[in-house]
Every structure is written in structure tokens, then in C-alpha cells.
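A.B. asks:
Residue numbers (the numbering used here): 718 to 1098.
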């Protein structure tokens, strides 16, 4: 075979090889298929999530101020009670005896006062007579009709009557003071006895009853625990990494464990000023717009706080975002090959939608599946 013919042969062989290679690349070389999406314009409500419990803003403890025995009970757990309603009465024999003693002391003081008033009236009459007699004797002595000894006797009688009158006047004031003291003692005992009648300070709901009729309770020991049903709120704990976005007044979506399909709405009422040093969480108190009637203190709940709204921004499903060795990004189709595109801190909504400034409307984003994916992996066109 001559040289020109040999060249043509090798050239034809090369063409066949190239065609075969292209055919193999297109038909036989394994390619990988992934579902894909492109970012689309949408709205995102930025939220912060937290868990907590149902609590009462004001928890009132109803207790006896002195050790006493429970005499009667008029309320039970779960009852709605009106302001000033009697919840229970206590029995204190010592105070009851003290009241009887105080009543007797008051009666004695009043009798002493009456007796002293009678005595003062008698002394006053004698004093008045002594004054008149002395004046008459003084006139007689001046005119020479009375001996000096008789005048001296009348003067002494007058002085004695005056001293008795002054003494009786003082003792009348003493008996008046005794009456005031006895009345004050009686009022004190009556106030203590009134404290043994336990009343509701406001319109409230009984959370618990901690004593039974006949049981003896110590001073200050809780007999009832009450809450104001108007001020039941959610106490939620937010990770301090997210707490910078929350503020008083922000709307909140609340879900109770016992009513998972019933939404409740509220607003942030108060943000704690101190973080938990162990859990690194901050307490947030949330008021209900409408307080549910069937709330139980301590019930677990979940709260989603609405912190910001974003309109007409590019969004993708949160599931499309991957975390590779602490770096977040999305897999995109770049000229038929997988490419990991980094994204900076992004926005996440409660509905599982995310957005980041690096997204482009022309991006073809690969959705995860069970296939392994890596940089440069060949993709099916």
C-alpha cells in the first residue's frame, strides 16, 4: 500500500474512533439524573422559633396568717370565684378564747369607768360644798364673827375635797384609757379572726386546693393557689443566637400540645433581661390575644415569632440547601456538571422556604436524592 493510501486509511480510522468516542460519551457513559428547580419570586416571613409552657403572670397564694385548723371549704380546683368570695374558714380556739377575754376586759373597763364617774360626781359635790363653806367662813372671819380655828378647819376641808376631786378626775381618764386599750385589743383579735376567713382578692380561677377540712395548716402554708384568667401567657425560651431579632409587640403564632390543630395568636409582652448561663436561652413572655378557656399551667407549647417580612425575593425550598463540613450552599447544574455554590447567611421561613442574596433566577438547582453528588459530577441533559 502506497503512502497516500496509508494516510487516508489512518485518517479514516481516526474519524471512526472520534465518532465512536462521541457516541460512547453520549450513549454509554453513565450520567446522573436529579430533579431540579429554579429560584422563583415570592414572599418570606422571617420567624424565630421557641418552645415553652403556659404560665400565669400573677399567681396568688391564699394562706392563713396564723396556725389554724381548716373549719370549712367553699371552693375547689378549677372553680371560677368572684372577688371577696369566701373560699374557706379557719378555726383557732386560742384566738376565740382571746376574744372572749378581751370582751370581758372591755366590759370591766366600762364598769370601772361608770363607777369612777359616780365617784367623781360625789367628790365634785363635796368639793363644791367645801368651796361654798370656805367662802362663807372667810366672810364671817373678816367681820369678826368666826374664830380662826374654824376658818383653818374649813380651809383644810376645802383642800382635801379639791385633792379628792383632782384624783377622781385623773382616775376617770385612766378608766377611759383602759376602755381604749381594751377596744384596741379586741379589734386586733377580731382582725386576726377575720384573717381566718379566706376570701378571693379578685375574680379568679382556682388552680389548686392544698388542704382538707379538719387539717391543721401552718402560717403561710398555701391553702389555695389562684390566677387571674385575664393574664395567662406563654413563657417561651429563645436561643440567644436568634434573640437579637425579637422585640416587644411582635406577633406570635402559638400551638399548644393539647390543641395541636388549633392556632392561637399573641404578641410579645416582655423580654427577659438575663440569659440562662447554661442553656444560653432568653425568656420571652407572650400574651394571648384571646385567652383559651381550657388552659393548663405548665402545658408545653411551641411559638413562632414573626420578626420580619420580605416581598418579591428569590426563594427556594429549605431542603435544597446543603451543609458540607459547616459550609452552606446549593448544588447547581453548571454546563452539565454538578457545582457547589456557596451562599451567605440566608432567610428561613416557618414554611420551609429560604432565600439568599447569591441566588440567581437562572440557576438550575439540584434537589437532593439518594444518589451521591460531588463537584464536577456529570449530569444528564
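Beta carbons: idealized from backbone N, C-alpha and C, even for Gly. If you're wondering where the values come from, they're calculated on a predicted model, not measured in any experiment.
Alpha helix (DSSP H) containing residue 874: first to last residue?
C.D. replies: Residue numbering aside, residue 874 sits at position 157 when the chain shown is read from its first letter. Taken as a continuous stretch (DSSP letters only), the alpha helix (DSSP H) holding residue 874 covers 865 to 912.
A.B. asks: Is the beta carbon of residue 1057 closer than 8 Å to that of residue 1073?
C.D. replies: To locate residue 1073, count along the chain shown from 1; it is residue 356. To locate residue 1057, count along the chain shown from 1; it is residue 340. Cβ distance not < 8 Å, so residue 1073 and residue 1057 don't count as in contact.
A.B. asks: Suppose the cutoff is 7 Å on Cβ atoms and the five residues either side in sequence are ignored; what does the same chain contact list for residue 795 look like?
C.D. replies: Taking the first residue of the chain shown as 1, we reach residue 795 at position 78. Taken in chain order, the residues that qualify are 923.
A.B. asks: Let me know the secondary structure DSSP gives residue 961 once reduced to three states.
C.D. replies: Sequence index remark: in the chain shown, residue 961 carries index 244 (1-based). Residue 961 falls in the helix class under three-state DSSP.
A.B. asks: Between the Cα of residue 833 and those of 884, 780, 958, spot the shortest distance and give me the residue it belongs to.
C.D. replies: As a first step, residue 833 is located in the chain shown; it is residue number 116 there, counting from the start. The option with the nearest alpha carbon to residue 833 is 884.
A.B. asks: Under the three-state reduction of DSSP, which class applies to residue 747: helix, strand or coil?
C.D. replies: Reading the chain shown from its first residue, position 30 is the one you call residue 747. Annotation note: pLDDT 48 at residue 747 (below 50); position unreliable, coordinate value reported separately. The answer is coil: DSSP assigns residue 747 none of H, G, I, E or B.
A.B. asks: Within 10 angstroms of its Cβ, does residue 747 collect 16 or more other Cβ (buried), or is it exposed?
C.D. replies: The residue labelled residue 747 in the question sits at position 30 within the chain shown. Its pLDDT being 48, under 50, residue 747 is placed unreliably by the model, and nothing is read from it.
A.B. asks: Quick one: give me the first and last residue of the beta strand (DSSP E) that residue 981 is part of.
C.D. replies: The count along the chain shown starts at 1 and reaches residue 981 at position 264. Unbroken beta strand (DSSP E) run through residue 981: 976 to 992.
A.B. asks: Please report the Cβ distance between residue 813 and residue 909, rounded to the nearest whole angstrom; I am assuming they are in contact, meaning their Cβ atoms lie under 8 Å.
C.D. replies: By 1-based counting over the chain shown, the position of residue 813 is 96. By 1-based counting over the chain shown, the position of residue 909 is 192. At roughly 10 Å, the Cβ-Cβ gap does not stay under 8 Å, so residue 813 and residue 909 are not in contact.
A.B. asks: In terms of alpha-carbon separation, which member of 771, 898, 940, 769 lies closest to residue 806?
C.D. replies: What you label residue 806 is simply residue 89 of the chain shown in a count that begins at 1. The residue with the shortest Cα to Cα distance from residue 806 is 940.
A.B. asks: Assuming residue 930 and residue 778 form a contact by the criterion Cβ under 8 Å, report the distance between their Cβ atoms to the nearest whole angstrom.
C.D. replies: Working through the chain shown from its first residue, we reach residue 930 at position 213. Working through the chain shown from its first residue, we reach residue 778 at position 61. Incorrect: roughly 20 Å between the Cβ atoms, too far for contact.
A.B. asks: At which residues does the beta strand (DSSP E) containing residue 1004 begin and terminate?
C.D. replies: Stepping through the chain shown from its first residue, residue 1004 is reached at position 287. Note, residue 1004: beta strand (DSSP E), 998 to 1005.
A.B. asks: Among the candidates 988, 933, 858, whose CA atom is the shortest distance from the CA of residue 785?
C.D. replies: Position 68 of the chain shown, counting from 1, holds the residue named residue 785. Ranking 988, 933, 858 by Cα distance to residue 785 puts 933 first.
A.B. asks: In the region 914 to 946, which residue ranges form an unbroken beta strand (DSSP E) of at least 3 residues, counting only runs that do not cross its ends?
C.D. replies: 914 to 916, 921 to 926, 939 to 944
A.B. asks: To the nearest whole angstrom, what separates the beta carbons of residue 960 and residue 999, a pair I think is in contact under 8 Å?
C.D. replies: Taking the chain shown and counting its residues from 1, one reaches residue 960 at position 243. Taking the chain shown and counting its residues from 1, one reaches residue 999 at position 282. Contact between residue 960 and residue 999 holds: CB atoms are separated by about 5 Å, below the 8 Å threshold.
A.B. asks: With residue 949 and residue 771 assumed to form a contact (beta carbons below 8 Å), what rounded beta-carbon distance in angstroms separates them?
C.D. replies: Taking the chain shown and counting its residues from 1, one reaches residue 949 at position 232. Taking the chain shown and counting its residues from 1, one reaches residue 771 at position 54. The pair is a contact, with the Cβ atoms about 7 Å apart (cut-off 8 Å).
A.B. asks: Here's a check: name, in chain order, each residue in its chain whose Cβ is nearer than 6 Å to the Cβ of residue 801, leaving out the five neighbours to either side.
C.D. replies: For the purposes of this step, residue 801 is identified with residue 84 of the chain shown, where counting begins at 1. Answer for residue 801: 916, listed in chain order.
A.B. asks: May I ask you to report which of helix, strand or coil DSSP gives residue 1097?
C.D. replies: Reading the chain shown from its first residue, position 380 is the one you call residue 1097. Under the three-state reduction of DSSP, residue 1097 is assigned to coil, being neither helix nor strand.
A.B. asks: List the whole-angstrom C-beta distance separating residue 1094 from residue 1055, where the pair is believed to meet the contact cut-off of C-beta under 8 Å.
C.D. replies: Taking the first residue of the chain shown as 1, we reach residue 1094 at position 377. Taking the first residue of the chain shown as 1, we reach residue 1055 at position 338. About 4 Å separates the two Cβ atoms, so the contact holds.
A.B. asks: What residues in its chain sit with their C-beta under 6 Å from that of residue 920, if we drop five residues either side in the sequence?
C.D. replies: Reading the chain shown from its first residue, position 203 is the one you call residue 920. So the list reads 799, 800, once near-sequence residues are dropped.
A.B. asks: Are the CB atoms of residue 967 and residue 955 nearer to each other than 8 Å?
C.D. replies: Taking the chain shown and counting its residues from 1, one reaches residue 967 at position 250. Taking the chain shown and counting its residues from 1, one reaches residue 955 at position 238. Cβ atoms of residue 967 and residue 955: not closer than 8 Å.
A.B. asks: Rounded to a whole number of angstroms, what is the C-alpha to C-alpha distance between residue 853 and residue 870?
C.D. replies: As a working note, residue 853 is residue 136 in the chain shown. As a working note, residue 870 is residue 153 in the chain shown. Here the alpha carbon of residue 853 sits roughly 13 Å from the alpha carbon of residue 870.
A.B. asks: Near residue 745, which residues of its chain fall below 7 Å by C-beta distance, leaving aside the five closest residues on each side in sequence?
C.D. replies: Position 28 of the chain shown, counted from the start, is the residue given in the question as residue 745. Annotation note: pLDDT 43 at residue 745 (below 50); position unreliable, coordinate value reported separately. If we look at residue 745 and ignore the five residues flanking it on each side, it has no Cβ neighbours.
A.B. asks: By the three-class DSSP mapping on this structure, what secondary structure does residue 846 have?
C.D. replies: By one-based count along the chain shown, residue 846 stands at place 129. Reduced to three states, the DSSP call for residue 846 is helix.
A.B. asks: Please report the straight-line C-alpha distance between residue 741 and residue 1051, rounded to a whole angstrom.
C.D. replies: As a position in the chain shown, residue 741 is number 24, starting the count at 1. As a position in the chain shown, residue 1051 is number 334, starting the count at 1. The predicted position of residue 741 is uncertain, since its pLDDT is 44 and thus under 50; no value can be drawn from it.
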